[in-house]
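In short: position in the sequence shown from 1, add 1226, done, that's our numbering.
Every residue, glycine too, gets a C-beta built ideally from N, C-alpha and C.
Note that this is a predicted model, so its numbers are computed, not measured.
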Amino acid sequence: QSLTHQMESPSTNSVFQETSDLLDCLKSELTGNFEKVVVGLMMSAPVYDAYELRNAIKGAGTEEACLIDILASRSNAEKKEIIATYKKEHGKSLEDDVCGDTSGMFQRVLVSLLAAGRDESTKVDEAQAVQDAKDIYEAGEARWGTDEVKFLTVLSVRNRNHLLRVFQEYQKISGRDIEDSIKREMSGCLEDVFLAIVKCMKNKPAFFAERLYKSMKGLGTTDSVLIRIMVARAEVDMLDIKAEFLKMYGKTLHSFIKGDTSGDYRKILLELCGGEK
């Protein structure tokens, strides 16, 4: 963990050059998933997020899961920093790249998240919360076809406390949890991104715990997801993620990683995870 985010505020170009040289050196000496973790740890948080987004977009197919994981879970300030870093590192606009690689309503949701316009206050407008819940209900469960724009309007701009109140009210009106309704009303990437927004609002560490669990359970491991979350959250909320993982699945994250990986890759992930508990 000591490697993580050591270069938050480089003072001169020489630091960038040294970092770049070191990364090149590491890449030539290391291989596979171990290399991906080490290289990720050498980057500051916004640089790593921008790097992951760039890789998700420029491949043969877009890795939508990466776009969703990062854009649905970062704060306004974090997103603004990612956008600036993306431009500086890759010479392109993140929004342009996202638009060039996605389409339809899914694209609109991502662009809305990139706008970083969420209210981050804590105040709840009771009357508005009731109205929001009604609007979402009438846009989904209560009609043929779903008016996704209504979902987007509420889910992408309201603050967390307000949304938690909206979700309570929605349950009262519809008799269903908002997540169940999204699963019934939507599919594919659109369903995934709306669910991610809701889950991050309800409990962000639980969202990451579930993503980690799904990356490892069953046959094969989705290493891209496992690495991205372990590197990005190591010094942010890993203790909370571990606690949620244990609560949700009755096993430690440590034991899951141990059983699912091997060699130096396993060792470095276990270091990032911390102890058994």
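Q) Where do the N-terminal and C-terminal ends of the alpha helix (DSSP H) with Thr1311 fall, by residue? A) Here residue 1311 refers to the residue found at position 85 of the sequence shown. Counting along the chain, the alpha helix (DSSP H) containing Thr1311 begins and ends at 1302-1316.
**Q.** Burial state of Ser1228 (16 or more Cβ within 10 Å)
**A.** Numbered from its first residue, the sequence shown carries residue 1228 at position 2. At Ser1228, the pLDDT of 43 sits below 50, so the modelled position is not reliable; the number obtained from the coordinates is stated separately. Its Cβ having fewer than 16 others within 10 Å, Ser1228 is exposed.
Q) Going by beta carbon distance, what residues of the same chain come within less than 6 Å of Thr1311, once the five residues before and after it are set aside? A) Indexing the sequence shown from 1 puts residue 1311 at position 85. Excluding positions up to five away in sequence, the list reads Pro1272, Val1273, Ala1276.
Q.
Less than 8 Å between the C-beta atoms of Val1392 and Asp1358, yes or no?
A. Working through the sequence shown from its first residue, we reach residue 1392 at position 166. Working through the sequence shown from its first residue, we reach residue 1358 at position 132. A contact, by the Cβ cut-off of 8 Å.
Q: Could you check if Met1456 is buried or exposed, using at least 16 other CB atoms within 10 Å of its CB as the buried criterion?
A: Numbered from 1 along the sequence shown, position 230 holds the residue referred to as residue 1456. Buried, because 16 or more other Cβ atoms sit within 10 Å of the Cβ of Met1456.
Q) Roughly how many whole angstroms lie between the Cα atoms of Lys1425 and Ser1299? A) Numbered from 1 along the sequence shown, position 199 holds the residue referred to as residue 1425. Numbered from 1 along the sequence shown, position 73 holds the residue referred to as residue 1299. Distance between the alpha carbons of Lys1425 and Ser1299 is about 9 Å.
Q. Given Ser1407, which residues of its chain have a CB within under 7 Å of its CB, disregarding the five upstream and five downstream residues?
A. Looking up residue 1407 in the sequence shown gives position 181. Closer than 7 Å at the Cβ level, and outside the excluded window around Ser1407, lie Gly1366, Glu1367, Ser1400.
Q: Return the residue from the list Leu1496, Leu1339, Glu1289, Gly1371 that minimises the CA-CA distance to Ala1303.
A: On the sequence shown, position 77 is the one that residue 1303 refers to. Per the Cα distances, Leu1339.
Q.
Can you tell me whether Met1474 is helix, strand or coil according to DSSP?
A. Stepping through the sequence shown from its first residue, residue 1474 is reached at position 248. Here Met1474 sits in helix by DSSP.
Q. When you compare each of His1316, Ile1308, Asp1373 to Met1220 by their alpha carbons, which one comes out closest?
A. Here the chain comprises residues numbered 1227 to 1503, so residue 1220 is not present and cannot be evaluated.
Q | Inter-residue Cα distance where the pair is Gly1371 and Ile1423 | A | Taking the first residue of the sequence shown as 1, we reach residue 1371 at position 145. Taking the first residue of the sequence shown as 1, we reach residue 1423 at position 197. Answer to the nearest angstrom: the Cα atoms are 21 Å apart.
**Q.** From Glu1470, Lys1473, Met1464, Arg1384, residue whose alpha carbon lies closest to that of Glu1497
**A.** One-based indexing of the sequence shown puts residue 1497 at position 271. That would be Met1464, whose Cα lies nearest to the Cα of Glu1497.
Q) Within the chosen definition, does the region 1308-1328 reach the region 1433-1441 through at least 3 CB pairs nearer than 8 Å? A) no
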